[in-house]
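Chemist: Shown below is the structure under consideration.
Number of protein chains: 2
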Amino acid sequence: MTYCLGIKLNAGLVLASDTRTNAGVDYVSTYEKMNAFGIEGERQFILLNAGNLATTQAVVNRIRRDLDDPDAPVSLHKVRYPFEAADYVGALSFEMQRRHRDAVKETGINVEANFLLAGQIRGQEHCLFQIYPQGNYIASSRETPFLQIGESKYGKPILDRVVQPEMSLEDAGRSALVSLDSTMRSNISVSIPFDLILYRKDSLRIDRRIRYEEDTPYYLSLKKEWNEGLRRAFRALPRFDWE
Amino acid sequence: MTYCLGIKLNAGLVLASDTRTNAGVDYVSTYEKMNAFGIEGERQFILLNAGNLATTQAVVNRIRRDLDDPDAPVSLHKVRYPFEAADYVGALSFEMQRRHRDAVKETGINVEANFLLAGQIRGQEHCLFQIYPQGNYIASSRETPFLQIGESKYGKPILDRVVQPEMSLEDAGRSALVSLDSTMRSNISVSIPFDLILYRKDSLRIDRRIRYEEDTPYYLSLKKEWNEGLRRAFRALPRFDWE
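And the structure:
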């Protein structure tokens, strides 16, 4: 499994992902699930993926080939609107899955993939999309500022409580790390290293890209403080009337 | 959906459940999912259910009929060991599901049900079981003191952090309410009223049984304090090194 999260703020975009993949419990490995494609000062796109690793790698390969090919009819550097980028990734994903349709029918293997696509084209608003295995997609909104793919339930309650479009990039980054950490504690299919990107609106470059390992000092201190803060909050809860 | 939770402590048992059921989004209703069957001073059993409502009601009806019938070969008042009670409920559940096997095949409706069974027979240890739709079951353990059925993921992180067999019944009761409240905030298929039972080991009676409505003062203050405590913990998290 996997857990990826995108948050669209007034101030910009926050993207976070874990790196664990597994094909059964006896084949667990580490893969980056976050890819950035951009031209500084012109446009930035960040793609996060969950689901079948062969499908998601094939999609990323095709995106890269189209970027290299000046004759490609569409690419992330050619689209004029962000929604066209979501269209393009959705179509690639669906095509890659369909290729293995017969093999899938015979073996029951799931080749579906889900994506988050975030970014900005110069002169336009920054944006965040969730792309479904069928190739269609939805955008975030003011009322739904974050979107998740993969193992999303464990880490949702804290986001529901704190995430708001008015947050700073840094606060949203902290909420994303806490959400990933909570998920990892409760489910072994999600695991560190974590990748985090903070994108400041209109900067048109990746402002911060950080990898957190098990022993990264900031992650260690965040994890410890969060655990202690939760325990303090728990101990401070009101007593039952008979206590 | 539903969310039910059982915790086995050295001090006794804590059981909690929501009351929401739904058959599609246009048929949402409230049903108690917690049933107690016992003889004060002799034995107590508490059954929590998730899954198909027709199946779980049929199981509870059969349990009650067997309790009324002096000639029933097995009943919750006749079993000699707690595991025999789990065997019995598992067999009833599987039988009720199998009855509708053909209809299920034709319509694709899921008639599966999951149960938590907790209790104590005089002179024996108190116990907690999770009973699968297939009729087999597992018990809690020292390392796994809580078991969940239904919409279990949202409310698991807080339990993973605080639940230990050495907790008081009251602390475990608070953790259960917090876990239910977090789940309800993130998923509309789980909702208040909540039912809570605290069973003190060897008391052989239901020591506390409380229903929490939206406006129950204790629930209101617990919810408020927990929300504020979490926000305080979030605000106290360490800053990134560039802040």
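If you read the sequences in order, they're chains G and U. Counting in this note's numbering, the first sequence runs from 1 upward without gaps. Counting in this note's numbering, the second sequence runs from 1001 upward without gaps. Positions of the beta carbon are idealized from the N, C-alpha and C atoms, including for glycine. Note that the structure is a prediction, hence the values are computed from the model and not measured.
1. Please classify residue 1195/U as buried or exposed, where buried requires at least 16 neighbouring CB atoms within 10 angstroms.
2. Using a Cβ cut-off of 8 angstroms, pull out every chain G residue sitting near residue 1146/U, in sequence order please.
3. What separation, rounded to the nearest whole angstrom, lies between the Cα atoms of residue 1127/U and residue 1148/U?
4. Can you tell which of 26/G, 42/G and 51/G has its C-alpha closest to the C-alpha of residue 32/G?
5. With 16 other CB atoms within 10 Å as the buried threshold, where does residue 25/G fall?
6. Using a C-beta cutoff of 8 angstroms, does residue 117/G count as contacting chain U?
7. Buried or exposed for residue 40/G, going by 16 or more other Cβ atoms inside 10 Å?
8. Under the rule that 16 or more other beta-carbon atoms within 10 Å means buried, what is residue 1028/U, buried or exposed?
9. Based on Cα-Cα distance, which residue from 152/G, 71/G, 66/G and 76/G lies nearest to residue 44/G?
10. For residue 69/G and residue 203/G, what's the separation of their Cα atoms in angstroms?
11. Would you say residue 1086/U reaches chain G, if we count a Cβ-Cβ gap shorter than 8 angstroms as a contact?
12. From the DSSP secondary-structure annotation, give me the bridge partner or partners of residue 212/G.
13. Count the other C-beta atoms from every protein chain shown that fall within 10 angstroms of the C-beta of residue 3/G, then say buried if there are 16 or more, exposed otherwise.
14. Give me, in chain order, the residues of the same chain whose beta-carbon lies closer than 8 angstroms to that of residue 1019/U; leave out the 5 immediate sequence neighbours on both sides.
15. Any C-beta of chain G sitting closer than 8 angstroms to the C-beta of residue 1160/U?
16. Taking the runs of the beta strand (DSSP E) that are 3 residues or longer, which of them lie wholly in the stretch 83 to 157 of chain G?
17. Consider the Cβ of residue 1241/U: report whether some Cβ of chain G lies at a distance smaller than 8 angstroms.
18. Taking contact to mean at least 3 C-beta pairs separated by less than 8 angstroms, is the stretch 172 to 185 of chain G in contact with the stretch 140 to 158 of chain G?
19. According to the Cβ coordinates, are residue 1046/U and residue 1135/U closer than 8 angstroms?
20. I'd like the list of long-range same chain contacts for residue 1169/U, defined as Cβ closer than 7 angstroms, with 5 residues on each side in sequence excluded.
21. With 8 angstroms set as the bound, which would you pick, yes or no: does the beta-carbon of residue 170/G sit closer than that to a beta-carbon of chain U?
22. Out of curiosity, what's the CA-to-CA distance linking residue 1005/U and residue 1176/U?
23. Going along chain G in order, which residues have a C-beta closer than 7 angstroms to the C-beta of residue 1156/U?
24. Counting only the same chain and skipping the five closest in sequence on each side, list residues whose C-beta sits under 6 angstroms from that of residue 1100/U.
25. State the Cα-Cα distance for the pair residue 943/U and residue 1091/U, rounded to the nearest angstrom.
26. Hey, out of 222/G, 55/G and 239/G, whose CA is closest to residue 212/G's CA?
27. From 1074/U, 1056/U, 1208/U and 1215/U, pick the residue whose C-alpha is nearest to that of residue 1113/U; which is it?
28. Relative to the alpha-carbon of residue 237/G, which residue among 1132/U, 1229/U and 1205/U has its alpha-carbon at the smallest distance?
29. Which of the three DSSP states is assigned to residue 222/G in this structure?
Modeler: In brief:
1. Classification for residue 1195/U: buried.
2. By Cβ distance, chain G contributes nothing, its closest Cβ being about 12 angstroms from residue 1146/U, past 8 angstroms.
3. If you take the alpha carbons of residue 1127/U and residue 1148/U, they lie about 14 angstroms apart.
4. Nearest option by C-alpha distance: 51/G.
5. Flag for residue 25/G reads exposed.
6. Judged by the 8 angstroms Cβ criterion, residue 117/G is not in contact with chain U.
7. With fewer than 16 Cβ atoms within 10 Å of its Cβ, residue 40/G is classed as exposed.
8. It is exposed - the Cβ of residue 1028/U has fewer than 16 other Cβ atoms within 10 Å.
9. Looking at 152/G, 71/G, 66/G and 76/G, the one whose alpha-carbon comes closest to that of residue 44/G is 76/G.
10. Take the alpha-carbon of residue 69/G and the one of residue 203/G: they are about 26 angstroms apart.
11. Using beta-carbon distances, residue 1086/U does not count as an interface residue toward chain G, since no partner is under 8 angstroms.
12. The partner list for residue 212/G (beta bridge, DSSP) reads 194/G.
13. Residue 3/G is buried by the Cβ-count criterion.
14. Correct list, in chain order: 1030, 1031, 1032, 1033, 1191, 1192, 1193, 1194 and 1195.
15. For residue 1160/U, a Cβ of chain G is located within less than 8 angstroms of the residue's own Cβ.
16. As for any beta strand (DSSP E) of minimum length 3 sitting wholly inside the stretch 83 to 157 of chain G, the runs are 113 to 121, 127 to 131, 137 to 139 and 146 to 150, ordered along the chain.
17. Closer than 8 angstroms: yes.
18. At 8 angstroms Cβ cutoff, the stretches touch.
19. No; because the gap between Cβ atoms is not below 8 angstroms, this pair is not in contact.
20. Closer than 7 angstroms at Cβ, skipping near neighbours: 1009, 1011, 1012, 1014, 1198 and 1200.
21. Yes - at least one Cβ of chain U is within 8 angstroms of the one on residue 170/G.
22. The straight-line gap from Cα to Cα measures roughly 7 angstroms.
23. Ordered by position in chain G, the residues that pass the 7 angstroms Cβ test against residue 1156/U are 154 and 186.
24. Correct list, in chain order: 1111.
25. Nothing can be reported for residue 943/U, as the shown portion of chain U is limited to 1001 through 1243.
26. Ranked by Cα distance from residue 212/G, the options 222/G, 55/G and 239/G are led by 222/G.
27. Its Cα nearest to that of residue 1113/U, the residue 1056/U stands out among 1074/U, 1056/U, 1208/U and 1215/U.
28. Distances from the CA of residue 237/G to each of 1132/U, 1229/U and 1205/U were compared; the closest alpha carbon is that of 1229/U.
29. Here residue 222/G sits in helix by DSSP.
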